[in-house]
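Report on the structure given below.
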Amino acid sequence: GAGVSQTPSNKVTEKGKYVELRCDPISGHTALYWYRQSLGQGPEFLIYFQGTGAADDSGLPNDRFFAVRPEGSVSTLKIQRTERGDSAVYLCASSPKPGGDYNEQFFGPGTRLTVL
Amino acid sequence: QKEVEQNSGPLSVPEGAIASLNCTYSDRGSQSFFWYRQYSGKSPELIMFIYSNGDKEDGRFTAQLNKASQYVSLLIRDSQPSDSATYLCAVNGGGGADGLTFGKGTHLIIQP
Numbered sequence: 218g219a220g221v222s223q224t225p226s227n228k229v230t231e232k233g234k235y236v237e238l239r240c241d242p243i244s245g246h247t248a249l250y251w252y253r254q255s256l257g258q259g260p261e262f263l264i265y266f267q268g269t270g271a272a273d274d275s276g277l278p279n280d281r282f283f284a285v286r287p288e289g290s291v292s293t294l295k296i297q298r299t300e301r302g303d304s305a306v307y308l309c310a311s312s313p314k315p316g317g318d319y320n321e322q323f324f325g326p327g328t329r330l331t332v333l
Numbered sequence: 010q011k012e013v014e015q016n017s018g019p020l021s022v023p024e025g026a027i028a029s030l031n032c033t034y035s036d037r038g039s040q041s042f043f044w045y046r047q048y049s050g051k052s053p054e055l056i057m058f059i060y061s062n063g064d065k066e067d068g069r070f071t072a073q074l075n076k077a078s079q080y081v082s083l084l085i086r087d088s089q090p091s092d093s094a095t096y097l098c099a100v101n102g103g104g105g106a107d108g109l110t111f112g113k114g115t116h117l118i119i120q121p
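For the protein sequence lines, the chains are D and H, in the order given.
In terms of our numbering, the first sequence has 249 at position 32, counting the first letter as 1, and numbering is strictly consecutive.
In terms of our numbering, the second sequence has 12 at position 3, counting the first letter as 1, and numbering is strictly consecutive.
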């Protein structure tokens, strides 16, 4: 079946602009996660959704970052007043489990964000 | 602060040999452990997960977990050039914390 999809695959923006990154999880997966990965680093957790609600947003770096999942499927990560330090690959993952300890997460291809 | 440590490498292994990748973690409450493979320019791909102490085998891959030592490893038997990639160790904190904590990854090179 189809995997996790993310759009756009690449996004170039200017410092101070607003961007939206979209994630479409695997059909039937109730849990959705956002991570970001900088060069030479492992993915860094940002936020986790169980259904429509953000169950854990402790990884969001500051209040310029916000994410929604209004219908419990597609999610949008929103970044306001982008800064050059926001440049990274933003990864989305989904999991079939309803939460808890045993949650195998499957990643999408990522969105490469470049802030000039 | 939860930490996952991996040797960044590169780890160079001849084709056909066993590649051994290691990972330690700081949070004793961690419940589940994952190995992801990441090719350059691609996203992480789940290859193994383990929840209980001991070994878990899947084809050429074996994951080993020792919770007392806070240590998890991945063995790749009969290494192939296509196994050359970065291997990421990830840990789930448990207790409702479902975001994974990743190490920086080990760059593995299989030499033909």
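We put the CB at the ideal spot given by N, CA and C, even for glycine.
Given the structure is predicted, the values throughout are model-derived calculations rather than measurements.
If I measure Cβ to Cβ from residue i and keep anything under 6 Å in the same chain, skipping five residues before and after, which residues do I get?
| i | result |
| --- | --- |
| V100 (chain H) | V13, Y34, S39, F42, T110 |
| T224 (chain D) | R239 |
Please classify residue i: does DSSP put it in a helix, a strand, or coil?
| i | result |
| --- | --- |
| D274 (chain D) | coil |
| P90 (chain H) | helix |
| G302 (chain D) | helix |
| Q15 (chain H) | coil |
| Q297 (chain D) | coil |
| G108 (chain H) | strand |
| S41 (chain H) | strand |
Considering just the uninterrupted stretch of the beta strand (DSSP E) at residue i, what are its terminal residues?
| i | result |
| --- | --- |
| L83 (chain H) | 80 to 85 |
| G63 (chain H) | 63 to 67 |
| V306 (chain D) | 305 to 312 |
| V236 (chain D) | 236 to 241 |
| E288 (chain D) | First-last for E288 (chain D): undefined, no H or E at that position. |
Buried or exposed: where does residue i fall if 16 or more other Cβ atoms within 10 Å of its Cβ makes it buried?
| i | result |
| --- | --- |
| D92 (chain H) | buried |
| Y265 (chain D) | buried |
| T95 (chain H) | buried |
| G114 (chain H) | buried |
Which residues in the same chain as residue i place their Cβ atom closer than 7 Å to its Cβ, once the five residues preceding and following it in sequence are excluded?
| i | result |
| --- | --- |
| C281 (chain D) | Checking the displayed sequence, the identity of residue 281 (chain D) turns out to be Arg instead of Cys. Same-chain partners within the cutoff: I296, Q297, R298. |
| Q89 (chain H) | E24, I119 |
For residue i, collect the residues of the same chain with a Cβ closer than 8 Å to its Cβ; drop the 5 residues on either side in sequence, then sort them by chain order.
| i | result |
| --- | --- |
| L333 (chain D) | V229, T230, E231, K232, R301 |
| Selection of the stretch 225 to 241 of chain D by Cβ proximity to chain H, strictly under 8 Å | none
| message | Any C-beta of chain H within less than 9 Å: which residues of the stretch 264 to 298 of chain D qualify? | response | I264, Y265, Q267, A272, D273, S275, G276
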